[in-house]
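Chains as they are written, first to last, in our numbering: chain A, 934 to 1128; chain B, 934 to 1128.
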DNA sequence: TGTATATCGATAAAGATATATCGATATAAC
DNA sequence: GTTATATCGATATATCTTTATCGATATACA
């Protein structure tokens, strides 16, 4: 069970490189330019890229096109990933309509809520199995979070993106990433007060 | 400039401890119980607590009440922090109405948008200065993100919570925490595909 | 052709974070 | 009172992450 892990810091930088490279017009780019543009260290960028892509050339840098391909497939953006979302309050709505998921080739195939404007939870398992859904997004109130997680696990979901403030209990082979908004903001506040 | 930093991993665990402790009914609690309940290592919990609070007692543990006080004030939850939000699309709306910010003693004092249902950006600086706002939340489309950040910096804001996918350029003394939803989810997808 | 320079990759060092081990101590049970 | 045990805090070790250093190489230019 992954609880808010900082595992593999590199994973969180690759999408940033990808975003930046998409805006870059030249044929080649150096680690130095990427680093300076994104406020990172150039050795770190070079190391990240070396881990994923074939070599850049001294004095020239990396070919942007093939670098983009390599980074994207490393992150799995070349394959469609399917998700479902449970809890269609304001946050659920916002995520459901969020356009940025296209970029990472993620599709939210169904939205569930007790309100009958959305799919009913009775259909949850069958819909997930039919679409072979691997990602579950939880945006329900705290008191229903664990039950939602249990339903997801029993419906074959492998990774949960949890916006509730509950600590979910799930089996060992299920990933949980907690994305509690208040906690996340509080880290920023703490850092700010430190200065 | 903090770009999505994992600085001080401990900062991100404290709010989780706090949440958990609030639900705990006994007078004393041990690091072992906290660790097992949250899926963390007990040495890690003990170390975190030792850094912030006064000693626990062998065989007994820590007094829940004073532990909660110490952790809360360490995170700055004992003081009111004020924020403003710019960009009242679905995500902006969701954050503006999000109830969880009470827990961390954060108040969003104003919401801005080009649409006239909200405060106008013309009033941005004066409102921020009047309320001594230190935190700015950016939920605008990518193309207006940098301009919004510039406005925030020139209005005395010290820390920016950036939901756009742009990499913002800000002065050195300004904190930026990027909270790009797609990037964040893509880390989960990558971890899942690793297994 | 030779020299200067930007850049790479590799290796080493430093820093941050997490885990393991162990003696000390407060309570409980005998 | 003695012994057993849960727990603490401290120290040591391991792992992960970032930063520094340096020789090698591809191009540009005199």
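The C-beta atom is built at its ideal place from N, Cα and C for all residues, glycine as well.
Are there 16 or more other CB atoms within 10 angstroms of the CB of residue 981 of chain B, so buried, or fewer, so exposed? Within the second chain, numbered from 1, the residue matching residue 981 of chain B stands at position 48. Residue 981 of chain B is buried by the Cβ-count criterion.
Between residue 1063 of chain A and chain B, is the shortest Cβ-Cβ distance under 8 Å, so that the two count as touching? By 1-based counting over the first chain, the position of residue 1063 of chain A is 130. False, the Cβ-Cβ gap to chain B never drops below 8 Å.
How close, in whole Å, do the beta carbons of residue 889 of chain A and residue 1033 of chain B come, if the pair is a contact with beta carbons under 8 Å? Residue 889 of chain A lies beyond the range of chain A shown here (934 to 1128); nothing can be said about it.
Consider the Cβ of residue 917 of chain A: report whether some Cβ of chain B lies at a distance smaller than 8 Å. The first residue shown for chain A is 934 and the last is 1128, placing residue 917 of chain A beyond what the model contains.
Could you list which residues in chain A have their beta carbon closer than 9 Å to that of residue 1051 of chain B, in chain order? The count along the second chain starts at 1 and reaches residue 1051 of chain B at position 118. What residue 1051 of chain B touches in chain A: nothing, since even the nearest Cβ is about 15 Å away.
Rounded separation between residue 1120 of chain A and residue 1078 of chain B - CA only: Counting from one through the first chain, the residue named residue 1120 of chain A turns up at place 187. Counting from one through the second chain, the residue named residue 1078 of chain B turns up at place 145. Cα to Cα, the separation comes out at about 22 Å.
Could you have a look at residue 950 of chain A and say whether DSSP puts it in helix, strand or coil? Here residue 950 of chain A refers to the residue found at position 17 of the first chain. Reduced to three states, the DSSP call for residue 950 of chain A is helix.
Check whether the Cβ of residue 976 of chain A lies closer than 8 Å to any Cβ atom in chain B. The residue given as residue 976 of chain A occupies position 43 in the first chain. By this cut-off, residue 976 of chain A is not an interface position.
For residue 1150 of chain A, is the classification buried or exposed, using 16 other Cβ atoms within 10 angstroms of its Cβ as the cut-off for buried? In the structure as shown, chain A begins at 934 and stops at 1128. Residue 1150 of chain A is therefore absent and cannot be evaluated.
Within a Cβ cutoff of 7 Å, which residues of the same chain sit near residue 1010 of chain B, ignoring the five residues on either side of it in sequence? In the second chain, the residue the question calls residue 1010 of chain B occupies position 77. Hits under 7 Å: 1037, 1038.
Tell me whether residue 1108 of chain A sits in a helix, a strand or coil according to DSSP, three-state version. Position 175 of the first chain holds residue 1108 of chain A. Of the three classes helix, strand and coil, the one that applies to residue 1108 of chain A here is strand, per DSSP.
Kindly list, in the order they appear in chain A, the residues whose Cβ is closer than 9 Å to that of residue 987 of chain B. For the purposes of this step, residue 987 of chain B is taken as the residue at position 54 of the second chain. Under the 9 Å cutoff, chain A gives no residues; its nearest Cβ is about 20 Å from residue 987 of chain B.
Please say whether residue 993 of chain B and residue 961 of chain B have beta carbons closer to each other than 8 Å? Reading the second chain from its first residue, position 28 is the one you call residue 961 of chain B. Reading the second chain from its first residue, position 60 is the one you call residue 993 of chain B. Closer than 8 Å, so yes.
Counted within 10 angstroms of its Cβ, other Cβ atoms place residue 1083 of chain B as buried (16 or more) or exposed: For the purposes of this step, residue 1083 of chain B is taken as residue 150 along the second chain, with counting starting at 1. Its Cβ having fewer than 16 others within 10 Å, residue 1083 of chain B is exposed.
How close, in whole Å, do the beta carbons of residue 1043 of chain A and residue 1021 of chain A come, if the pair is a contact with beta carbons under 8 Å? As a position in the first chain, residue 1043 of chain A is number 110, starting the count at 1. As a position in the first chain, residue 1021 of chain A is number 88, starting the count at 1. Their Cβ separation, rounded to whole angstroms, is 11 Å, which puts residue 1043 of chain A and residue 1021 of chain A out of contact at 8 Å.
Can you tell me where the alpha helix (DSSP H) holding residue 1127 of chain B begins and where it ends? Here residue 1127 of chain B refers to the residue found at position 194 of the second chain. 1114-1127 is the extent of the alpha helix (DSSP H) around residue 1127 of chain B.
Residues that DSSP places opposite residue 1019 of chain B in a beta bridge: One-based indexing of the second chain puts residue 1019 of chain B at position 86. Looking at the DSSP assignment, residue 1019 of chain B forms a beta bridge with B:1045, B:1071.
Just how far apart, CA to CA, sit residue 1001 of chain B and residue 1067 of chain B? The residue given as residue 1001 of chain B occupies position 68 in the second chain. The residue given as residue 1067 of chain B occupies position 134 in the second chain. Their backbone Cα atoms lie some 25 Å apart in a straight line.
Look up residue 990 of chain B in the DSSP assignment and give the residues it is bridged to. Position 57 of the second chain, counted from the first residue, corresponds to residue 990 of chain B. Partner(s): B:994.
Using 8 Å as the threshold, is the C-beta distance between residue 1057 of chain B and residue 1072 of chain B below it? Position 124 of the second chain holds residue 1057 of chain B. Position 139 of the second chain holds residue 1072 of chain B. No, they are not a contact pair.
Inter-residue Cα distance where the pair is residue 1023 of chain A and residue 988 of chain A: Your numbering for residue 1023 of chain A matches position 90 in the first chain. Your numbering for residue 988 of chain A matches position 55 in the first chain. The straight-line gap from Cα to Cα measures roughly 46 Å.
If the cut is a Cβ gap below 7 Å, which residues of chain A does residue 1009 of chain B touch? Position 76 of the second chain holds residue 1009 of chain B. The contacting residues are 1122, 1123, 1126.
Could you check what DSSP says for residue 943 of chain B in three-state terms: helix, strand or coil? Along the second chain, read from residue 1 onward, the residue named residue 943 of chain B stands at position 10. Helix, per DSSP.
Using a beta-carbon distance below 8 Å, is residue 1068 of chain A in contact with chain B? To locate residue 1068 of chain A, count along the first chain from 1; it is residue 135. True, the Cβ-Cβ gap to chain B drops below 8 Å.
Cutoff 8 Å: residue 1118 of chain B Cβ touching any chain A Cβ: As a working mapping, residue 1118 of chain B is identified with position 185 in the second chain. Yes, residue 1118 of chain B lies at the interface with chain A (some Cβ there is under 8 Å from its Cβ).
By how many angstroms is the C-alpha of residue 1069 of chain B removed from the C-alpha of residue 1104 of chain B? The residue you call residue 1104 of chain B lines up with position 171 of the second chain. The residue you call residue 1069 of chain B lines up with position 136 of the second chain. Looking at the two C-alpha atoms, the distance is approximately 15 Å.
Is residue 1048 of chain B near the ligand MN - that is, is its Cβ less than 7 Å away from at least one heavy atom of it? The ligand MN is not part of the structure shown, which contains no ligands of any sort.
Tell me which same chain residues have a C-beta within less than 8 Å of the C-beta of residue 974 of chain A, skipping the five on either side of it? Along the first chain, read from residue 1 onward, the residue named residue 974 of chain A stands at position 41. These residues qualify, in order along the chain: 968.
When you check each C-beta in the stretch 1026-1039 of chain A against every C-beta of chain B, which residues fall closer than 8 Å? 1026, 1027, 1028, 1030, 1031, 1033, 1034, 1036, 1037, 1039
Using 8 Å as the limit for Cβ to Cβ distance, is residue 957 of chain A near chain B? As a working mapping, residue 957 of chain A is identified with position 24 in the first chain. Not an interface residue.
Buried versus exposed call for residue 1116 of chain A [16 or more other C-beta atoms within 10 Å across all chains shown]: Working through the first chain from its first residue, we reach residue 1116 of chain A at position 183. It is buried - the Cβ of residue 1116 of chain A has at least 16 other Cβ atoms within 10 Å.
Let me check one thing: in DSSP terms, what residues is residue 1040 of chain B bridge-paired to? Within the second chain, numbered from 1, the residue matching residue 1040 of chain B stands at position 107. Residue 1040 of chain B is bridged to B:1015.
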